[in-house]
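**Q** Which chain is which? The protein sequence lines are A and B, in order. Reading the first sequence from the start, the letters are residues 100 to 289 in my numbering. Reading the second sequence from the start, the letters are residues 11 to 124 in my numbering. C-beta atoms are modelled at their ideal positions from N, C-alpha and C, and glycine is treated no differently.
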Amino acid sequence: MAFLSAHFVAIVFYVLAVLAVAGGVGVITFKNPVHSALSLLGTFLMVAGLFVLRHAEFLGAVQLLVYAGGIMVLFLFVIMLVNVRRLSPDAAFLSRRAPLAVLSGVVFGALIAFGVLAGSLGHPGGGATALQMVQGHVMGNTEAVGWTLYRHFLVPFEIVSVVLLVAMIGAIIFGRKDAGLEGRGGRMEP
Amino acid sequence: MNPTMIPIPSAWILYLSAVLFVIGAIGVLLRRNGISIFLALELMLNSANLAFASFAFRFAGASATAAHALNGQIFIFFIIAVAAAEAAVGLALFIAMYRRKETIDVDRFNILRW
Numbered sequence: 100m101a102f103l104s105a106h107f108v109a110i111v112f113y114v115l116a117v118l119a120v121a122g123g124v125g126v127i128t129f130k131n132p133v134h135s136a137l138s139l140l141g142t143f144l145m146v147a148g149l150f151v152l153r154h155a156e157f158l159g160a161v162q163l164l165v166y167a168g169g170i171m172v173l174f175l176f177v178i179m180l181v182n183v184r185r186l187s188p189d190a191a192f193l194s195r196r197a198p199l200a201v202l203s204g205v206v207f208g209a210l211i212a213f214g215v216l217a218g219s220l221g222h223p224g225g226g227a228t229a230l231q232m233v234q235g236h237v238m239g240n241t242e243a244v245g246w247t248l249y250r251h252f253l254v255p256f257e258i259v260s261v262v263l264l265v266a267m268i269g270a271i272i273f274g275r276k277d278a279g280l281e282g283r284g285g286r287m288e289p
Numbered sequence: 011m012n013p014t015m016i017p018i019p020s021a022w023i024l025y026l027s028a029v030l031f032v033i034g035a036i037g038v039l040l041r042r043n044g045i046s047i048f049l050a051l052e053l054m055l056n057s058a059n060l061a062f063a064s065f066a067f068r069f070a071g072a073s074a075t076a077a078h079a080l081n082g083q084i085f086i087f088f089i090i091a092v093a094a095a096e097a098a099v100g101l102a103l104f105i106a107m108y109r110r111k112e113t114i115d116v117d118r119f120n121i122l123r124w
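Shown next as structure tokens:
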């Protein structure tokens, strides 16, 4: 029991990390995009848990609401609009250059791991209170994030709202019924 | 956090972030279905967010950086917003591509390759 309570953070980390990596592997190995999307949903939930573990409680909640609740539903809707059954009639759901892709990914991962090793980041860090501080008072992560967002990052925040508006308009224009059919006269066959 | 709990090194979460990023990168290079590529891309964005959260926590305690302790988390907030915009536009593009060619196999979209 004492072991459990002392190593609570490590145990939670291992459980979340293993499930997150399993979900990530599922994303790229499931042939059916619906299964990939649900696997990614699992990874999103685990990453939300890791955010909470790193004292980013507000972002954990945002991760659940925006990613798991919003973006994932968008993905599933699009997968259902695009007929998946007709998409992959053959087994060739992987690119022709698959070994090269895995090799470059592994080399890239080795480089990142080398960078983390060289950075000597074994220090646990920790400054939970600094992440909950509002004007010298310890309040909570959500209050602190909101305070910082609206005091120091107000202009970027407004710009992001414009970015979202532009993206919404762009998505509506691309999603119109006649979008992508303008060049029908000179349409090139695959 | 309860002080009797033993904290974990920041590097652990960074390694996990690297593993998830590499899985996402391999997925982007490996898959042919456009939506699957997009899912792997979201995985990469999420792993970057994880690294940001880890660094924010790691340097929140240091006196030199404590005043800006929340900047990493604010950055994650903006990344999530931009990822939402990117997902909306990208998926609309895939729908338009599907209407045109009845497929979203990215290897079939090669008219720029002459």
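Name the residue from B:Leu80, B:Gly44 and B:Gly100 whose alpha carbon lies nearest to the alpha carbon of serine 194 of chain A.
**A** B:Gly44
**Q** Spell out whether any CB of chain B is found under 8 Å from the CB atom of methionine 267 of chain A.
**A** yes
**Q** Which residue's Cα is closest to the Cα of valine 99 of chain B: A:Ala109, A:Leu263 and A:Gly159?
**A** A:Leu263
**Q** Run down chain A in chain order and give the residues with a C-beta less than 8 Å from the C-beta of alanine 66 of chain B.
**A** Taking the beta carbon of alanine 66 of chain B as reference, the chain A residues within 8 Å of it are Arg153, Ala155 and Leu230, listed in sequence order.
**Q** Which residues in chain A have a C-beta closer than 9 Å to the C-beta of leucine 39 of chain B? List them in chain order.
**A** When 9 Å is used as the limit between beta carbons, leucine 39 of chain B is near these residues of chain A: Ser194, Arg196, Ala197, Leu199, Ala200, Val201, Ser203 and Gly204, in chain order.
**Q** According to DSSP, is asparagine 59 of chain B part of a helix, a strand, or is it coil?
**A** helix
**Q** Can you tell me whether DSSP reads methionine 15 of chain B as helix, strand or coil?
**A** Here DSSP, grouped into helix, strand and coil, assigns methionine 15 of chain B to coil.
**Q** Please report the distance separating the alpha-carbon of glycine 122 of chain A from that of leucine 39 of chain B.
**A** 18 Å
**Q** My guess is that leucine 51 of chain B and alanine 119 of chain A are in contact by the Cβ rule of under 8 Å, so how many angstroms apart are they, rounded?
**A** Between alanine 119 of chain A and leucine 51 of chain B the Cβ distance is about 16 Å, and since that is not below 8 Å, they are no contact.
**Q** Measuring CB to CB, does glutamate 49 of chain B end up less than 8 Å from alanine 136 of chain A?
**A** Here the sequence assigns leucine to residue 49 of chain B, which means glutamate is not the residue at that position. Leucine 49 of chain B places its beta carbon less than 8 Å from that of alanine 136 of chain A.
**Q** Take serine 20 of chain B as the anchor and find which of A:Val133, A:Val126 and A:Phe150 has the nearest alpha-carbon.
**A** A:Phe150
**Q** Assign glutamate 288 of chain A to one of three DSSP states: helix, strand, or coil.
**A** A caution first: glutamate 288 of chain A carries a pLDDT of 46, below 50, which makes its placement in the model unreliable, though a value can still be read off. Correct three-state label for glutamate 288 of chain A: coil.
**Q** Could you check where the alpha helix (DSSP H) with alanine 209 of chain A kicks off and where it finishes?
**A** Counting along the chain, the alpha helix (DSSP H) containing alanine 209 of chain A begins and ends at 197 to 217.
**Q** For a contact meaning CB atoms closer than 7 Å, what does alanine 80 of chain B contact in chain A?
**A** Residue identity differs from the one stated: residue 80 of chain B is leucine in this sequence, not alanine. Within chain A, the residues near leucine 80 of chain B are Leu230, Ala243, Val244 and Thr247.
**Q** Buried or exposed, going by whether 16 or more other CB atoms sit within 10 Å of the CB of methionine 100 of chain A?
**A** exposed
**Q** Rounded to whole angstroms, what is the Cα-Cα separation between isoleucine 160 of chain A and alanine 97 of chain B?
**A** It should be pointed out that residue 160 of chain A corresponds to alanine in this sequence rather than to isoleucine. Rounded to whole angstroms, alanine 160 of chain A to alanine 97 of chain B spans 19 Å at the Cα level.
**Q** Give a yes or no on whether the C-beta atoms belonging to glutamine 83 of chain B and alanine 106 of chain B are separated by under 8 Å.
**A** no
**Q** Which first and last residues belong to the alpha helix (DSSP H) in which glutamine 83 of chain B is found?
**A** 81 to 111
**Q** Please work out which residues of its chain come closer than 6 Å, Cβ to Cβ, to valine 126 of chain A, disregarding the five sequence neighbours upstream and downstream, and give them in chain order.
**A** Ser135, Ser138 and Leu139
**Q** Does any residue of chain B bring its CB to less than 8 Å from the CB of glycine 208 of chain A?
**A** yes
**Q** Can you round the beta-carbon distance between isoleucine 86 of chain B and leucine 158 of chain A to whole angstroms, since I take them to be within the 8 Å contact cut?
**A** 5 Å
**Q** Does leucine 163 of chain A have its Cβ less than 8 Å from a Cβ in chain B?
**A** Taking Cβ atoms only, chain B never reaches closer than 8 Å to leucine 163 of chain A, which makes this a no.
**Q** First and last residue of the alpha helix (DSSP H) that includes serine 104 of chain A?
**A** From DSSP, the alpha helix (DSSP H) with serine 104 of chain A extends over 101 to 105.
**Q** Please return the same chain residues whose Cβ sits closer than 8 Å to the Cβ of phenylalanine 256 of chain A, not counting the five positions on each side in sequence.
**A** Leu248 and Tyr249
**Q** Could you pull the DSSP bridge partners for methionine 232 of chain A from this structure?
**A** A:Val237
**Q** Less than 8 Å between the C-beta atoms of isoleucine 47 of chain B and valine 116 of chain B, yes or no?
**A** yes
**Q** Considering only their Cβ atoms, is the gap separating phenylalanine 104 of chain B from histidine 154 of chain A smaller than 8 Å?
**A** no
**Q** Determine, using beta carbons only, whether histidine 106 of chain A comes closer than 8 Å to chain B.
**A** yes
**Q** Give the straight-line distance between the Cα atoms of leucine 253 of chain A and histidine 236 of chain A, rounded to the nearest whole angstrom.
**A** 22 Å
**Q** Can you give me the start and stop residues for the alpha helix (DSSP H) that phenylalanine 157 of chain A sits inside?
**A** Per DSSP, phenylalanine 157 of chain A belongs to the alpha helix (DSSP H) from 156 to 161.
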